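Reviewing the structure listed below.
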Amino acid sequence: LIPHPAGEDRLVRCPGCGYAATADTASFRLPSVDRAATEPLRPVPTPGCATIADVAAYVGVATSQTLKAVFYAWERADREPTLVFVVVRGDLEVSEAKLRAVLGEGTLHPASDGLIRAAGAEPGYASPVGLDVRSDLEGEGVLVVGDRSIEAGANFVAGANREGYHLTGVNYPRDFAVTLLADVAQVQPGHLCPRCGEGLEMEAAVEVGRCGKWGTGPAERAEAGFVDREGRQRPLVMGAYGFAVSRLVAVALEAHHDEDGLVWPPAVAPFDAHLVSLARSDEERAVAERIYGGLQAHGLEALYDDRSESAGVKFADADLIGCPVRLTVSRRSLKQGGVEVKARWTEDRAVVPEEGLVERVRDLLDSWAGL
3 LIPHPAGEDR LVRCPGCGYA ATADTASFRL PSVDRAATEP LRPVPTPGCA
53 TIADVAAYVG VATSQTLKAV FYAWERADRE PTLVFVVVRG DLEVSEAKLR
103 AVLGEGTLHP ASDGLIRAAG AEPGYASPVG LDVRSDLEGE GVLVVGDRSI
153 EAGANFVAGA NREGYHLTGV NYPRDFAVTL LADVAQVQPG HLCPRCGEGL
203 EMEAAVEVGR CGKWGTGPAE RAEAGFVDRE GRQRPLVMGA YGFAVSRLVA
253 VALEAHHDED GLVWPPAVAP FDAHLVSLAR SDEERAVAER IYGGLQAHGL
303 EALYDDRSES AGVKFADADL IGCPVRLTVS RRSLKQGGVE VKARWTEDRA
353 VVPEEGLVER VRDLLDSWAG L
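According to our numbering, the sequence shown is numbered sequentially starting from 3.
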């Protein structure tokens with residue numbers, strides 16, 4: 003990810019230790035709590051409380067003192083949809099990207115009220131308290147995924163699975179079980195860094211590359227493997243990576259331009275140098291041709307402008323195109339002993355003898371530091 007105000011993704015970064023991740027996958031640390039003084043479970047009427055904010059205000063607690071129930075229908079090939087009951091602290095949201103990673107294959111959709119009620123839960127007033135929770139992904143009972151935030155608190159307010167009622171004094175694992183306990187909460191700015199504990203920052207960014215660790219699952223399904231040193235059959239560990247080349251170039255140019263045009267970073271520039279010929283005589287043109295050939299012979303790509311346009315037009319076009327180095331062959335530069343050399347990112351100019359030109363161009367390309 004590359005930070006950019008127009009980016010459609012969100013980059014999470016820690017200013018303290020440098021931790022970075024996408025907003026969909028970033029982890030964060032919740033403050034520890036004293037769980038010693040637990041209260042008894044008690045039902046309380048909560049008429050007309052349809053949201054976490056309503057419940058918290060009615061009972062008189064912070065939203066972080068509540069448990070939120072989020073339901074999904076998990077669909078897999080050749081199987082009936084499975085209800086996924088996610089429990090997260092009330093001040094947090096569920097990251098569907100994290101949840102998909104925990105569950106593996108299949109797709110997730112919002113669950114219908116009928117599917118929720120078939121599991122014994124009441125929409126709007128649900129919790130895993132009193133439900134028959136399965137012990138593993140393929141077991142019998144309700145599939146409950148608990149976010150780790152349910153461990154960062156005590157005496158929660160949660161649904162009673164009865165319309166118009168909630169429970170106070172709810173504690174995990176005393177009052178309910180989960181099938182899986184995992185990090186499935188969505189990070190927000192200000193959450194604590196999982197490494198150093200400093201507040202996390204979030205900014206817009208553009209994705210230009212992606213790495214994926216698939217593990218052995220795809221290889222096992224495809225029966226793709228190898229024989230190890232002991233002669234045992236092993237599945238391949240698979241992964242993938244990719245780069246969006248056109249997007250990478252676009253982002254680089256968004257970050258590197260000025261009022262006159264583009265400023266190509268040397269690493270992605272289509273040409274190393276823009277050779278501008280202001281030659282008026284055959285002799286001067288021959289010098290420009292020789293310089294162009296010399297650059298090519300030393301592995302430097304040059305855009306050669308020998309058009310019959312004015313110097314102003316050629317220089318304006320060179321700035322607009324934005325090649326890293328501009329080389330100008332003119333009567334004046336030749337009288338001064340060589341070729342005028344200018345980096346696109348500076349106003350400094352120097353006349354360099356022809357024999358030292360290649361080295362000077364390479365030095366300028368190497369001096370780029372994203373200015």
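Even for Gly, the Cβ is constructed at its ideal location relative to N, Cα and C.
These numbers were taken from a predicted model, which means no experiment stands behind them.
Neighbourhood of residue i by C-beta, 6 Å cutoff - its chain only, sequence neighbours within 5 removed
i, result
"Phe178", "Pro130, Val131"
"Arg328", "His276, Ala320, Lys344"
"Glu303", "Phe273, Asp274"
"Val443", "The structure shown does not extend to residue 443, since the chain spans only 3 to 373, so no value can be given for it."
"Ala242", "Gly214"
"Gly143", "Asp134, Val135, Arg136"
"Val146", "Phe87, Pro130, Val135, Val180, Thr181"
"Leu250", "Val210"
"Leu264", "Leu255, Gly324"
"Pro83", "Ala75, Glu77"
Extent of the continuous beta strand (DSSP E) run through residue i
i, result
"Pro45", "44-47"
"Glu360", "According to the sequence provided, residue 360 is Val. The question's Glu does not apply to it. Note, Val360: premise wrong, no beta strand (DSSP E); alpha helix (DSSP H) at 359-369."
"Gln235", "235-237"
"Pro17", "Premise fails: Pro17 is in no beta strand (DSSP E) and is neither H nor E."
"Thr84", "84-91"
"Phe245", "240-245"
"Phe73", "69-77"
"Val210", "Premise fails: Val210 is in no beta strand (DSSP E) and is neither H nor E."
"Ala22", "22-24"
"Glu41", "Premise fails: Glu41 is in no beta strand (DSSP E) and is neither H nor E."
"Asp230", "Per DSSP, Asp230 belongs to no beta strand (DSSP E) and is neither H nor E."
"Pro112", "109-112"
"Glu200", "Neither: Glu200 is in no beta strand (DSSP E) and is coded neither H nor E."
"Asp307", "304-307"
"Ala345", "341-345"
Opening and closing residue of the alpha helix (DSSP H) in which residue i lies
i, result
"Phe317", "313-323"
"Asp56", "54-61"
"Arg333", "333-337"
"Glu98", "98-105"
"Gly219", "219-224"
Expected contact under 8 Å - CB spacing of residue i and residue j to nearest Å
i, j, result
"Pro326", "Gly340", "Not confirmed; about 19 Å, so no contact."
"Arg44", "Gly166", "In fact, because the Cβ distance is near 15 Å, the residues do not count as touching under 8 Å."
"Glu205", "Pro5", "5 Å"
"Ala113", "Leu69", "Ala113 to Leu69, Cβ: 17 Å. No contact."
"Phe228", "Leu238", "7 Å"
"Val104", "Ala184", "5 Å"
"Gly324", "Trp266", "5 Å"
"Arg150", "Thr181", "With 8 Å as the limit, Arg150 and Thr181 do not qualify as a contact, their Cβ atoms being about 14 Å apart."
"Asp230", "Leu322", "The pair is not a contact, with the Cβ atoms about 58 Å apart (cut-off 8 Å)."
"Gly155", "Gln67", "7 Å"
"Ala207", "Asp368", "Contact flag wrong, Cβ pair sits at about 28 Å."
"Gly108", "Arg78", "4 Å"
"Val289", "Val353", "About 13 Å separates the two Cβ atoms, so there is no contact after all."
"Ser279", "Arg292", "Contact flag wrong, Cβ pair sits at about 11 Å."
"Arg102", "Leu94", "Contact doesn't hold; Cβ gap of about 17 Å is too wide."
"Tyr306", "Arg197", "About 52 Å separates the two Cβ atoms, so there is no contact after all."
"Val186", "Val270", "With a Cβ gap of about 38 Å, Val186 and Val270 do not count as contacting."
"Thr40", "Asn157", "6 Å"
"Arg333", "Arg282", "6 Å"
Sequence-distant residues of the same chain with beta carbon closer than 8 Å to residue i, five excluded per side
i, result
"Gly296", "Glu356, Leu359, Val360"
"Asn163", "Gly122, Ala123, Glu124, Tyr127, Ala128, Ser129, Val131, Gly132, Leu133"
"Ala318", "Asp262"
"Pro7", "Ala206"
"Ala58", "Ala64, Thr65, Gln67, Thr68, Gly92, Val159"
"Glu256", "His6, Ala8"
"Gly141", "Thr181"
"Gly192", "Gly201, Leu202"
Same chain only: Cβ atoms within 7 Å of residue i, ignoring 5 sequence neighbours per side
i, result
"Gly199", "Arg31"
"Ile152", "Leu69, Val89, Arg91, Tyr174"
"Gly99", "According to the sequence as given, residue 99 is Ala; it is not Gly. Asp26, Thr27, listed in sequence order."
"Gln338", "Val353"
Q.
Under 8 Å: do the segment 211-229 and the segment 17-28 share three or more Cβ pairs, one atom per stretch?
A. No: fewer than three Cβ pairs fall under 8 Å.
Q. Curious, which full-length beta strand (DSSP E) runs of at least 3 residues does the segment 121-190 contain?
A. 145-149, 158-161, 167-172, 182-184, all fully within the segment 121-190.
Q) Fully enclosed by the segment 255-293, which beta strand (DSSP E) runs are 3 residues long or longer? A) Counting whole runs of 3 or more residues, the segment 255-293 contains the beta strand (DSSP E) stretches 275-279.
Q. Can at least three beta-carbon pairs, one atom from the segment 49-58 and one from the segment 71-78, be found at a separation below 8 Å?
A. Touching, no.
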